[in-house]
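Novice: Mind having a look at this structure? Questions to follow.
This is the structure:
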């Protein structure tokens, strides 16, 4: 067996330390990983979760992107949210539509295929519905508050409702080391060692949640643009179709 001289061994260990540390945004193996951070990495997991929820609630705006699995359906989201509403796109079952909520007014914008009846070509009502769908192509449809679609879709545009549902880990909480999310150092907390979901929390600046892996393979969400305001404005009247109390069947 060939022995490595002590000086060379020390140099090798030092090099490995530097390599590992650089991947975590640290400067050496012996340094405190919480040095120069916001300090949440020193807290108990429940305290970290509490602080990150408080930070998310207090933030003026956020962008959510990724996938959510709910009731067996996968929704791909790219939404910007703030207290006054939200805007963005949702893809489900091969269809992509845009949502815009300003105050209590919710608008849905989609192409003709989204509004078209499932089976066409039988004449009569189907032909009429297909013609109506063509007229809705690219238009904003105002969703009545009493329509079931309002409750179903408005949750995607409500910052507090959406975050409250997403940022809850299930089971016993624990920490799972230090990580990096798009160049920002994070501390990861988990529920039931990951089976109950994982949440990466920023160690730099405000302890915002940056990445969520939901329990039960129910999707991964990235949370970015914290506090970055954006404009919410209702579409002009020429771009809106208002059906009154109920949307057309689709």
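Residue numbers (this note's numbering): 9 to 258.
Even glycine gets a Cβ: it sits at the ideal position worked out from N, Cα and C.
#1: Could you give the first and the last residue of the continuous beta strand (DSSP E) run that contains residue 105?
#2: Just the C-alpha distance for residue 29 and residue 89, rounded to the nearest angstrom, thanks.
#3: Given a threshold of 16 other Cβ atoms within 10 Å of its Cβ, counted over all protein chains shown, does residue 60 qualify as buried or as exposed?
#4: Starting from the C-beta of residue 3, find all residues in its chain whose C-beta is less than 8 Å away, skip the five residues before and the five after it, and write them out in chain order.
#5: Could you spell out where the beta strand (DSSP E) holding residue 210 opens and where it closes?
#6: Quick check: the Cα distance between residue 124 and residue 168, rounded to an integer number of angstroms?
#7: Within the same chain, show all residues whose beta-carbon is closer than 7 Å to that of residue 189, passing over the 5 residues directly before and after it, in chain order.
#8: Quick check: what's the CA-CA separation for residue 251 versus residue 175?
#9: For residue 58, count the other beta carbons within 10 Å of its own beta carbon; 16 or more makes it buried, fewer makes it exposed. Which is it?
#10: Quick one: measure Cβ to Cβ for residue 153 and residue 107, integer angstroms, because I've assumed they're closer than 8 Å.
#11: Looking only at its own chain, which residues have a Cβ that is under 8 Å from the Cβ of residue 81, when we skip the five neighbours before and after it?
#12: Judging by CA-CA distance, which residue of 243, 43, 47 and 211 is the nearest neighbour of residue 146?
#13: Would you say residue 261 and residue 85 are within 8 Å of each other, going by their C-beta atoms?
Specialist: Reading from the atomic positions:
#1: Residue mapping note: residue 105 aligns to position 97 of the chain shown, counting from 1. Per DSSP, residue 105 belongs to the beta strand (DSSP E) from 103–110.
#2: The count along the chain shown starts at 1 and reaches residue 29 at position 21. The count along the chain shown starts at 1 and reaches residue 89 at position 81. Confidence at residue 29 is low in this model, with a pLDDT of 45, below 50, so the placement of that residue should be treated as unreliable; the coordinate-derived value is given next. When the Cα atoms are used, residue 29 and residue 89 turn out to be separated by approximately 35 Å.
#3: Along the chain shown, one-based indexing puts residue 60 at 52. A residue is called buried when at least 16 other Cβ atoms come within 10 angstroms of its Cβ; residue 60 meets this threshold and is buried.
#4: Nothing about residue 3 can be reported from this structure: the residues present for the chain run from 9 to 258 only.
#5: As a position in the chain shown, residue 210 is number 202, starting the count at 1. Counted as a single uninterrupted DSSP element, the beta strand (DSSP E) harbouring residue 210 occupies residues 206–210.
#6: Here residue 124 is taken as the residue at index 116 of the chain shown, counted from 1. Here residue 168 is taken as the residue at index 160 of the chain shown, counted from 1. Taking the straight line joining both Cα atoms gives about 33 Å.
#7: On the chain shown, residue 189 is found 181 positions in, with the first residue counted as 1. The residues are 208, 218 and 219.
#8: Counting from one through the chain shown, the residue named residue 251 turns up at place 243. Counting from one through the chain shown, the residue named residue 175 turns up at place 167. When only Cα atoms are considered, residue 251 and residue 175 end up about 35 Å apart.
#9: Along the chain shown, one-based indexing puts residue 58 at 50. Exposed is the label assigned to residue 58, since fewer than 16 other Cβ atoms lie within 10 Å of its Cβ.
#10: Taking the first residue of the chain shown as 1, we reach residue 153 at position 145. Taking the first residue of the chain shown as 1, we reach residue 107 at position 99. At roughly 15 Å, the Cβ-Cβ gap does not stay under 8 Å, so residue 153 and residue 107 are not in contact.
#11: Reading the chain shown from its first residue, position 73 is the one you call residue 81. So the qualifying residues of the chain are 100 and 101.
#12: Against the chain shown, residue 146 aligns to sequence position 138. Checked all of 243, 43, 47 and 211; the closest Cα to residue 146 is 243.
#13: One cannot answer for residue 261 here, as it falls past the ends of the chain, which runs 9 to 258.
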